[in-house]
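Undergrad: Before I ask anything, let me first share the structure, which is written out below as structure tokens.
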Amino acid sequence: MSFLIVLAALCFLMFVAYRGYSVILFAPVAALGAVLLTDPTLVQPMFTGLFMDKMVGFLKLYFPVFVLGAVFGKLIEISGFSKSIVSATIKLVGAKRAMLSIVLVCALLT
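Taken in order, the sequence shown gives residues 1 to 110; the numbers are from this note's numbering.
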């Protein structure tokens with residue numbers, strides 16, 4: 001039964017993402033719903049105890065990576081380098097293979 005609840009939470013998260021809402025905002029809501037439906041006594045420890053301590057540690061550790069990634073992404077956007085990569089990839093692969101172009105551009109920009 002708990003597998004179905006987790007699957008329903010993931011489906012909810014995919015639906016929300018498909019509708020254009022922020023996954024970052026709705027992921028804790030989906031997790032809270034899954035925990036409430038499986039074992040409601042675990043709600044408070046999940047959001048106050050170990051989870052928050054580890055999340056803060058993770059954010060403190062990787063904050064420079066997040067900031068530099070955002071700055072680098074903005075620099076690529078402003079310089080027009082990303083548009084030139086997209087144009088070159090579409091010329092190379094062709095407009096009919098859009099999915100392959102998207103995968104290649106994402107791989108190159110990552």
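For every residue, glycine included, the Cβ atom is placed at its ideal position computed from N, Cα and C.
Under 8 Å, do THR89 and SER101 count as touching if we go by C-beta distance?
TA: Yes, the Cβ-Cβ distance between THR89 and SER101 is below 8 Å.
Undergrad: Take the Cβ of VAL103 as the centre, count every other Cβ of all protein chains shown within 10 Å, and call the residue buried at 16 or more, exposed below.
TA: When all chains shown are included, VAL103 counts as exposed.
Undergrad: Quick check on GLY13: buried or exposed, where buried means 16 or more other Cβ atoms within 10 Å of its Cβ?
TA: According to the sequence provided, residue 13 is Leu. The question's Gly does not apply to it. LEU13 is buried by the Cβ-count criterion.
Undergrad: If you draw a straight line from the C-alpha of ALA17 to the C-alpha of LEU92, how long is it?
TA: 31 Å
Undergrad: Flag this pair as touching only if the stretch 58 to 72 and the stretch 34 to 46 have three or more C-beta atom pairs under 8 Å; answer yes or no.
TA: no
Undergrad: Report buried or exposed for VAL35, applying the criterion of at least 16 other Cβ atoms within 10 angstroms of its Cβ.
TA: buried
Undergrad: Could you give the uninterrupted runs of the beta strand (DSSP E) lying entirely in the stretch 41 to 93, keeping only those of 3 residues or more?
TA: The DSSP assignment places no complete beta strand (DSSP E) segment of no fewer than 3 residues inside the stretch 41 to 93.
Undergrad: Have a look at GLY33, ILE24, THR48, GLN44 and flag the residue whose alpha-carbon is nearest the alpha-carbon of VAL2.
TA: Checking the sequence, you will find Ser at residue 2 rather than Val. Ranking the options by Cα distance to SER2, first place goes to GLY33.
Undergrad: Hey, how far is the Cα of SER84 from the Cα of ALA95?
TA: 15 Å
Undergrad: Applying the 10 Å Cβ sphere with the 16-neighbour rule, what's the burial state of ALA107?
TA: ALA107 is exposed by the Cβ-count criterion.
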